[in-house]
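First comes the structure, then the notes that go with it.
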Amino acid sequence: MSKYKFNKDQLRFVEDKLGIRGKVRVILTYVLVSILLAILYYIIFAFFFNTREEESLLKEKQLMEKQYVGISKKMDMLDKVIGELEVRDKEIYMNIFKSTPPDLMSDNSNDELYKQLDSSGDISLVRFSVKKVADLETQTKTGGDKLNSIYNELKGAENSTDIPSIMPIRGMSLNQTGASVGNKIHPFYKTTAKHTGIDLLAGIGTEVRATANGVVVDVLKSDRGRGNQVIVEHWGNYRTVYAHLGDVLVRKSQPVKQGSILGRVGNSGLSFAPHLHYEVVLNGKPVEPVNYFFAELTPREYKEMLIIAMNTGQSLD
């Protein structure tokens, strides 16, 4: 729309034509307003709407947060399992040797000195070596006293085969591990019941062997409860129980050697599936059987087997 102004000379309104400066001013005004509007639109769009890349990054962030929570829970569980393994490792030593395990880690080691070997003087190294030798002599004496204590404790046993230390089923794999000692869900009643041994899955007819030298103190045959059982007494107030057997191949009062065949796996008694229920009893109390497989399991296998046994919530009997 054109603008008009009053011309005093002509005494009438005439059209106001812009000059070059006016036109430039108008153009700059329009450009500036357009830029400001564009910036305003961009801010509004960026504030209320996400681009595809932002949506993808947001979803990835949410997924990573969920994964972090899951990993944190797994780390907490692993820390708990490791702590329990340390306690059980000490229990194994105590149960076998009836003595507190020696502390082989020295708190007096100086890590910083090893980092400064290039700059340390001869006198510093000599003093450090003398101190380490003195510490080693002390530890050696302590270790000797421990060994003497172990020897005095074990001198009633002929050899290590008098202690349960092998698996009752030869060559079994870790995935044959079932529920171990603790409160487990009963397979038939679906209630929590105390489980006093470990379930080892195996086919009917699989040979079951004695885990240590001993004497068969009882042979029980029944269609109820633990079914057909063999109970063997060993040195050091140990007893082992082999339940849910099919065939029983020993008799009461029969001496057996470690590895002797006692019977075959069956499904007798109140059993959910063919398996061997194996117990280790010390001084009349059931203990964790996995701790007594040390003669055949590597540390890695022991750890995996213990985790499986602890995390299996339902027993087979």
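Heads up: the sequence shown begins at -1 in the numbering used here, then just goes up one per residue.
Glycine included, each C-beta is placed from N, C-alpha and C at the ideal position.
In this text, all values refer to a predicted model and were calculated from it rather than measured experimentally.
DSSP three-state label for residue i, please.
i: residue 241; result: strand
i: residue 79; result: helix
i: residue 265; result: coil
i: residue 197; result: strand
i: residue 22; result: helix
i: residue 306; result: helix
i: residue 314; result: coil
i: residue 297; result: helix
i: residue 260; result: strand
i: residue 212; result: strand
i: residue 192; result: strand
i: residue 175; result: strand
i: residue 236; result: strand
Going along the chain, which residues of its own chain have a beta-carbon closer than 8 Å to the beta-carbon of residue i, five neighbours each way excluded?
i: residue 221; result: 266 and 267
i: residue 311; result: 177, 182 and 183
i: residue 250; result: 214, 215, 216 and 217
i: residue 190; result: 181, 182, 183 and 184
Give the range of the beta strand (DSSP E) segment to which residue i is assigned.
i: residue 284; result: 283 to 285
i: residue 221; result: Per DSSP, residue 221 belongs to no beta strand (DSSP E) and is neither H nor E.
i: residue 181; result: 180 to 183
i: residue 229; result: 226 to 232
i: residue 279; result: 273 to 280
i: residue 249; result: That residue, residue 249, is in no beta strand (DSSP E); it is neither H nor E in DSSP.
i: residue 288; result: It is not in any beta strand (DSSP E) - residue 288 carries neither H nor E in the DSSP assignment.
Determine the extent of the alpha helix (DSSP H) in which residue i is found, giving its start and end residues.
i: residue 164; result: Premise fails: residue 164 is in no alpha helix (DSSP H) and is neither H nor E.
Write down the C-beta distance between residue i and residue j rounded to the nearest angstrom, noting that I regard them as a contact closer than 8 Å.
i: residue 209; j: residue 300; result: Not quite, the Cβ-Cβ distance comes to about 15 Å (not below 8 Å), so this is no contact.
i: residue 193; j: residue 201; result: With 8 Å as the limit, residue 193 and residue 201 do not qualify as a contact, their Cβ atoms being about 22 Å apart.
i: residue 211; j: residue 283; result: At roughly 21 Å, the Cβ-Cβ gap does not stay under 8 Å, so residue 211 and residue 283 are not in contact.
Excluding the 5 residues preceding and the 5 following residue i in the sequence, name in chain order all residues of the same chain whose CB lies nearer than 6 Å to its CB.
i: residue 253; result: 213
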